[in-house]
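Just below is one structure, and these are the notes that go with it.
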Amino acid sequence: MLDNIPYFSYVISAFIGIGLAAATGFRVFLPMFIVSLSSYFNWIPMNEHFEWLAGLPTLITTGIATVAEILAYYIPFIDHLLDTVSIPMATVAGSILFASQFAELGTFPQWALALIAGGGTAATISSGFAGIRAASTATTGGLGNSVVGTTETAGAGLMSVLAMAAPVIAAIFAVIILILVIVFGRRALKKLRGSKDKPLDI
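Residue numbering for the sequence shown follows our numbering, starting at 505 and increasing by one per position.
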């Protein structure tokens, strides 16, 4: 019955794309690995333009990159180096996963929508957590960074699974996460800047 609703498939594709893009904002490679794994075993369909995501080379590469990325965020200083490249990488990954849901559209609208919605969602979440991690380093000496890192990994896994199993719920969660990240990320940056500007007591 729902299939008779005009553009219903595009709406669902948008929900899936937003959920996957949000997941890449937490971790770049884990969502791509989950999508690659799911499509490799035919748990989810993959259109011909993105068949490379279902290939064994992509599965192996994203699997290795996922393990390396997760472990690296538990290493002091390395996690901050990753934050400097995570935002552009998340933007690219989020755009790719979002675009993979709209292969029926023309090339320009497909990638324009992917960059705005997918890349924008991923970049916002990634930059927000980078700010939270910076504030955590300043206030806890880096001891709280492992909590932030674990939260990001769990969020990436949860959002990836939800995007494919319950796309509407995933989209709702993505919007909530965006709001929370923007609010708390800005607060964290304000506190960080305030602590830097605060004069030292002599």
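A virtual CB, placed ideally from N, CA and C, is assigned to each residue, including glycine.
Keep in mind the model is a prediction, meaning the values are calculated, not measured.
Cβ neighbours of residue i in the same chain (closer than 6 Å, five flanking residues each side left out)
i, result
"I538", "S664"
"A618", "S599, F602 and A603"
"T528", "P535, A594, A597, G598 and A626"
"Y544", "A558 and L563"
"T566", "F533, M536, F537 and S540"
"V651", "none"
Proximity to residue i [Cα-Cα], best of the options
i, options, result
"T562", "G645, A616 and S542", "S542"
"F530", "I680, A639 and A626", "A626"
"T709", "S590, R637, A670 and A669", "Here the chain covers residues 505 to 706 and nothing more, so residue 709 does not appear."
"S630", "L575, P549 and F533", "F533"
"G646", "A621, E555 and I579", "I579"
"H553", "W615, T643, T644 and V679", "W615"
"G635", "I620, W556, P549 and S590", "S590"
"I681", "T643, F633 and T644", "F633"
"E555", "V571, T570, Q605 and Y577", "Q605"
"P592", "I568, P613, G624 and F581", "G624"
Cβ neighbour criterion (16 or more within 10 Å) applied to residue i
i, result
"N649", "buried"
"A525", "buried"
"Y514", "exposed"
"A667", "buried"
"E656", "buried"
"T628", "buried"
"M505", "In this prediction, M505 has a pLDDT of 48, which is less than 50 and means its spatial position is unreliable; what the coordinates show is noted afterwards. Exposed: under 16 other Cβ atoms inside 10 Å."
"E573", "buried"
"A660", "buried"
"T641", "buried"
"T611", "exposed"
"A621", "buried"
Close-in-space but distant-in-sequence residues of the same chain around residue i (CB under 7 Å, 5 per side omitted)
i, result
"G523", "M663, L666, A667, P671, A674, A675 and A678"
"L450", "With the chain represented from 505 up to 706, any question about residue 450 goes unanswered, as that position is not in the structure."
"T643", "none"
"I548", "S542 and M668"
"D587", "A634 and R637"
"T570", "F533, L534 and F537"
Chain-order list of residues whose beta-carbon lies under 8 Å from that of residue i (same chain, five-residue window excluded)
i, result
"D583", "A576, Y577, R637, N649 and G653"
"L560", "Y544"
"F688", "G632 and I636"
For the pair the region 517 to 524 and the region 670 to 678, tell me if three or more CB-CB distances fall below 8 Å. Segments in contact, yes.
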